[in-house]
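Below is one structure, written out as C-alpha cells, with a few remarks after it.
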Amino acid sequence: MRSARAVVLVTGATDGIGRETARELVRRGADVIVHGRREKRADEVRRELEALTARPIPAPVVGDLGSLAAVRKLAAEVNARAEPPTVLLHNAGIFQRKLELTEDGFEKTMAVNHLAPFLLTHLLLADPRCALIRIVFVSSMAHARGSVDPTDVGLVHRAFDGYGHYGASKLANVLTARALAPRLAARGITVNALHPGVVSTKLLTAGFGMRGSDTLEEAAATSVLLAIDESVAKTTGAYFVRGREAQTSQAANDADLIESFYLASARAVGVAPIPR
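Convert by adding 16 to the 1-based position in the sequence shown; the result is the number in the numbering used here.
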C-alpha cells in the first residue's frame, strides 16, 4: 500500500543546501530518497534522517551526474522502486574553475547542472508507474547573467568562462521549468524553479571565492516550500526567491528560446520531447 507521505528524491543531498533540505523535509513529514555520488556518504545521511524522525527512510540512490549512462542507471533504479518519488527536487550542482569535458563530450558544468536533471526528469516521466506531482529545479540568480545557444547545448564550442558557464546552466534550469510546465499541466504535475540564496557552501567558496549571508536553513526553505507546501500545490512555471514568485531574466521569458532550447536539449540527451 502506498504511503500517504510525499516521497521526495533530492539530488545532491549529502552536503550543503541539499542535506539541509532533506533534513527539513523529513521534519515536516516527507520521506526523502537521498542521492549522492558516494554510497557511504549517502547512507550516512539516510541514517541521520532516520535519527531525526525515528522512522525508516528509503534507501539512498547513488550516481555520477556527469555521466548520462549513470543517470540512466539511476533512473532505472528509481523507477523500479515499490514507492517511486512523488517529488523530484533537482538540487545537485557544480561550479567548474577550468574546462572539463564529460565522457559524453559535454562541458561538465552544463552536463551536471542541466543535461543530467533534464534526462532524469524525462526518464522518470516516461515510466508507466510515474508518481510525480511536483518537479523543482534549484537554479540561481546567476541565471540572469547566463546565455544559452540551442545549437551548442553542451557548451562545447564556447570559450570557457567559469561564471558564464555556471550562469548558462542555471538559465537552462529556468528554461526547462518553463518548457515543461505547460507540457505536464494535463498530468497534474507542477514544475518550478528557484534561487536558494547566497550561502557559504563548498560551491560558493570554492567556485566564487566568497562567503554568503544566508544560512543553510534559509537557503533550504524555498526548496521545501516548492516540494511539499500546499500553498503552492497549483503553482507552475514560476521562479521563486525567498519563498515568493520573482521576476526572471528576459531570456528566461523568451518563448522561442524556451521551445528551441528544450527541443535541442532533448536531442542532446537522446529522449523524445514531451508534446505541448
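All C-beta atoms, glycine included, are put in the ideal place defined by N, C-alpha and C.
message = With DSSP as the reference, identify every bridge partner of alanine 33, one or two as the case may be.
response = For the sequence presented, residue 33 should be read as isoleucine rather than alanine. None, per the DSSP bridge assignment.
message = Please classify serine 163 as buried or exposed, where buried requires at least 16 neighbouring CB atoms within 10 angstroms.
response = exposed
ask   = Leaving out five residues before and five after leucine 83 in sequence, what residues of the same chain have Cβ atoms less than 8 Å from its Cβ?
value = The sequence shown places serine at residue 83, rather than the leucine named in the question. Excluding residues within five positions, the ones whose Cβ falls inside 8 Å are Thr118, Glu119 and Asp120.
request  = Assign isoleucine 274 to one of three DSSP states: helix, strand, or coil.
outcome  = helix
Reference lysine 124; option with closest CA among Gly79, Val172 and Ala209 = Val172
task = Kindly indicate which residue of Leu210, Pro133 and Leu136 has the alpha-carbon position closest to the one of glutamine 263.
result = Leu210
Per-residue DSSP class, three states only, for histidine 138 = helix
message = In this structure, how does DSSP classify aspartate 168 when only helix, strand and coil are distinguished?
response = helix
Simplified DSSP assignment, three categories, for glutamate 233 = helix
key: Beta-carbon gap between asparagine 107 and serine 239 smaller than 8 Å   = yes
key: Buried or exposed by the 16-neighbour rule on C-beta atoms within 10 Å, applied to lysine 186   = buried
Residue span of the beta strand (DSSP E) that contains arginine 150, given as start and end = 150-154
task = Give every residue of the same chain whose Cβ lies closer than 6 Å to the Cβ of methionine 126, excluding the five residues on either side of it in the sequence, and list them in chain order.
result = Gly170, Leu171 and Ser185
message = Assuming the contact rule is C-beta atoms closer than 8 Å, histidine 159 and alanine 268 should be a hit. Round their C-beta distance to whole Å, please.
response = 6 Å
Same chain, Cβ closer than 6 Å to histidine 51, neighbours up to 5 away in sequence not counted = Thr27, Ala29 and Val77
query = DSSP puts glycine 52 in a beta bridge; with which residues?
reply = Val78
ask   = Terminal residues of the continuous alpha helix (DSSP H) containing threonine 192?
value = 178-200
ask   = Is there contact between the stretch 280-288 and the stretch 128-142, where contact requires at least three CB pairs shorter than 8 Å?
value = yes
message = Counting C-beta neighbours from all protein chains within 10 Å, is the total for alanine 195 16 or more, i.e. buried, or is it exposed?
response = buried
key: Residue(s) in a DSSP beta bridge with threonine 238   = DSSP output for threonine 238 lists no bridge partner at all.
message = Could you check whether arginine 57 and isoleucine 7 sit closer than 8 Å to each other, using their CB atoms as the reference points?
response = No information on residue 7 is available, as it lies outside the stretch 17 to 292 that the chain covers here.
ask   = Nearest chain B C-beta to alanine 249 closer than 8 Å, yes or no?
value = The structure shown has no chain B; it contains just one protein chain.
message = Once the 5 residues before and after glutamate 60 are set aside, which same chain residues still bring their CB inside 8 Å of it?
response = Thr30
message = Between the alpha carbons of glutamate 261 and leucine 241, how many angstroms are there, rounded?
response = 12 Å
ask   = What residues in its chain sit with their C-beta under 8 Å from that of arginine 88, if we drop five residues either side in the sequence?
value = Leu135 and Leu139
task = Taking valine 207 and threonine 252 to be in contact with their CB atoms under 8 Å, please state how far apart those CB atoms are, rounded to whole angstroms.
result = 6 Å
key: Top-ranked residue by Cα proximity to glycine 213, from Pro291, Arg71 and Phe256   = Phe256
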